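Below you'll find the structure, written out as structure tokens, and then a few comments.
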Amino acid sequence: MKIPEEFKKYILSELDFVIQKLKEEDDPRRKLYYFSASYATLERPMRYSLDPQLLLTHAVLRLCYNALINRLNSILQGDTTIEMPEEFDKKLIEYLMELKNKIAEDKDTYQTLEKFVYLAYQTTGAGYYTKNYLKAVQKEE
């Protein structure tokens, strides 16, 4: 990301806080509450620095949050057709740490963002079905 150093420090500090809260919380709703701060953190500097990678990162994190919270809310309302992605909370921590490190080192974040998109896709009907189908096909081989 090509953003001013002061914005980068701010983002890294908040991501550290988000990661710590994700590690501490047990309730999936509270975990997602804190995860929502990851894209909100990026939104503030966007008002002063319209870096394309910053914009893409914000969009992907928001997409991931929306997909996960929608699935969790459906489950809490009794719809258990599609489960939450396996160890989604651990993956959020892992991916956020990876993202934070890449931002800190001025590295491209695209491959890390792919992981967030894949996690989000698993909450959809098509994504959940495809994951299970591919598991079944692999067992047959």
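Under this note's numbering, the letters of the sequence shown match residues 610 to 750, in that order. The C-beta atom is built at its ideal place from N, Cα and C for all residues, glycine as well. Remember, it's a predicted structure, so these values are computed and weren't measured experimentally.
Inter-residue Cα distance where the pair is Tyr719 and Ser645: Position 110 of the sequence shown, counted from the start, is the residue given in the question as residue 719. Position 36 of the sequence shown, counted from the start, is the residue given in the question as residue 645. Answer to the nearest angstrom: the Cα atoms are 19 Å apart.
Range covered by the alpha helix (DSSP H) that runs through Leu663: Counting from one through the sequence shown, the residue named residue 663 turns up at place 54. Start and end: Pro661 to Leu685.
Burial state of Lys632, where buried means 16 or more other Cβ atoms lie within 10 Å: Reading the sequence shown from its first residue, position 23 is the one you call residue 632. Classification for Lys632: exposed.
As assigned by DSSP and simplified to three states, the class of Thr739: Along the sequence shown, read from residue 1 onward, the residue named residue 739 stands at position 130. In this structure, Thr739 counts as helix in the three-state DSSP scheme.
Whole-angstrom distance between Thr689 and Thr732, CA atom to CA atom: Residue mapping note: residue 732 aligns to position 123 of the sequence shown, counting from 1. Residue mapping note: residue 689 aligns to position 80 of the sequence shown, counting from 1. Rounded to whole angstroms, Thr732 to Thr689 spans 11 Å at the Cα level.
Neighbourhood of Ile691 by C-beta, 7 Å cutoff - its chain only, sequence neighbours within 5 removed: Here residue 691 is taken as the residue at index 82 of the sequence shown, counted from 1. Closer than 7 Å at the Cβ level, and outside the excluded window around Ile691, lie Arg680, Thr732, Gly734 and Tyr737.
Same chain, Cβ closer than 8 Å to Tyr619, neighbours up to 5 away in sequence not counted: On the sequence shown, position 10 is the one that residue 619 refers to. Cβ within range, chain order: Thr650, Arg653 and Pro654.
The stretch 720–729 touching the stretch 665–673, judged by at least three CB pairs closer than 8 Å: Contact annotation: the stretch 720–729 touches the stretch 665–673, with at least three C-beta pairs closer than 8 Å.
Beta-carbon spacing of Tyr648, His667 below 8 Å: For the purposes of this step, residue 648 is taken as residue 39 along the sequence shown, with counting starting at 1. For the purposes of this step, residue 667 is taken as residue 58 along the sequence shown, with counting starting at 1. In contact: Tyr648 and His667 (Cβ atoms closer than 8 Å).
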